[in-house]
Amino acid sequence: MGGTVAKVNISLDAELVVEAMVLAGIGSPQDAIEAVVRDYIARGHRTEARTELKDQQLRELDVKPQEPQG
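Residue 66 in numbering that gives the first Met the number 0 sits at position 67 of the sequence shown; the count goes up by one each step and never skips.
Okay, structure coming up:
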């Protein structure tokens, strides 16, 4: 990664941060929240990819000629 990344400062409830730190197994509040957010985004991208694949498979089924029934 090149260049400077813009940073944002936010305030969070301390209990949320401590819980994120414990669940992530990370002792730094900054690192723990960053890891949680990155994981959330990655999961979203994986879900989008699975949904797109399923939609594509369904479209392919709709396009295939139907076998005569009877």
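We put the beta carbon where it would ideally sit given N, CA and C, even for glycine.
Nearest neighbour of residue i, chosen from the options [CA to CA]
{"i": "Tyr-39", "options": "Leu-52, Thr-50 and Ala-23", "result": "Ala-23"}
Beta-carbon contacts of residue i that lie in its chain and below 8 Å, excluding the five residues immediately before and after
{"i": "Ile-32", "result": "Leu-11, Val-16 and Ala-19"}
{"i": "Ser-27", "result": "Met-20"}
Supposed contact pair residue j and residue i - C-beta distance, whole angstroms, cut 8 Å
{"i": "Ile-25", "j": "Ala-13", "result": "Ile-25 to Ala-13, Cβ: 16 Å. No contact."}
Which residue spans inside the region 16–68 form an unbroken alpha helix (DSSP H) run of at least 4?
-> DSSP runs (the alpha helix (DSSP H)) wholly in the region 16–68: 28–62.
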